[in-house]
Amino acid sequence: VVAQRMELLSHFLRPDQTFLEIGPGDCTLSLEITKHVKKVYAADVSIQITSGLDLPENFELIISDGIHIPLPENSIDLVYSHQLMEHLHPEDAFAQLQSVCKVLAPGGMYVCITPNRLAGPHDTSAYFDNVATGWHLKEYTVFELYKLFRA
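In this note's numbering, the protein residues as written are 234 to 384.
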């Protein structure tokens, strides 16, 4: 899984960059990215995700409320999230996106991977409904994401 994500992100990574992963899970990807960029932040709601890990000097776990990113404005070159946005209430997703925009440096990029509603649902509700009603609070269409990202 990390190899697939690295294949995608390798097109955007540079040694002088600062990288942020929102919702890093077990931090495996963030820790791999430390080998390729100047600084890596992993933003999560739990400090436990790095418990017992040997962390490199250019890695920092940022504890957040899951919406707001406690980093300086214009400080991040590349932000990444994978399978996260669909777990947020739509109002919180918009607030998180605003927070991402604040921390992005000029010319920075946000790579956001989330399931497409038209091909779903992609959570447990796929077994009993046509709309995500389980762990996914909202799955988006491409047009809905376009509107959200342009707002």
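Even glycine gets a Cβ: it sits at the ideal position worked out from N, Cα and C.
Whole-angstrom C-beta distance between residue j and residue i, which should lie under 8 Å
i: I302; j: V333; result: 7 Å
i: R238; j: H322; result: About 26 Å separates the two Cβ atoms, so there is no contact after all.
i: E377; j: P348; result: Wrong, their Cβ atoms sit about 12 Å apart, outside the cutoff.
i: D259; j: I280; result: Wrong, their Cβ atoms sit about 13 Å apart, outside the cutoff.
Assigned secondary structure, residue i (DSSP; H/G/I helix, E/B strand, else coil)
i: V278; result: coil
CB of residue i within 8 Å of CB of residue j, strictly
i: F252; j: V270; result: yes
i: L317; j: L381; result: no
i: A236; j: F327; result: no
i: E227; j: L241; result: The shown model of the chain, from 234 to 384, leaves out residue 227, and the question about it has no answer.
i: V336; j: L304; result: yes
i: D325; j: I346; result: no
Heavy atom of the ligand GTP within 7 Å of residue i beta-carbon
i: L311; result: Among the components of this structure there are no ligands whatsoever, and the ligand GTP is therefore not found.
- Task: Evaluate the contact criterion for the segment 283-294 versus the segment 310-320: three or more CB pairs, one atom per stretch, below 8 Å.
- Result: no
- Item | Segment contact, 8 Å Cβ cut-off, at least three pairs: the segment 289-300 with the segment 260-280 | yes
- Please list the segments of the beta strand (DSSP E) lying wholly inside the segment 237-295, counting only runs of 3 or more residues, in order along the chain. Entirely contained in the segment 237-295, the beta strand (DSSP E) runs reaching 3 residues are, in chain order, 251-255, 272-277.
- Message: Please give me, in chain order, every unbroken run of the alpha helix (DSSP H) with length at least 4 that falls completely inside the segment 290-346.
- Response: 323-336
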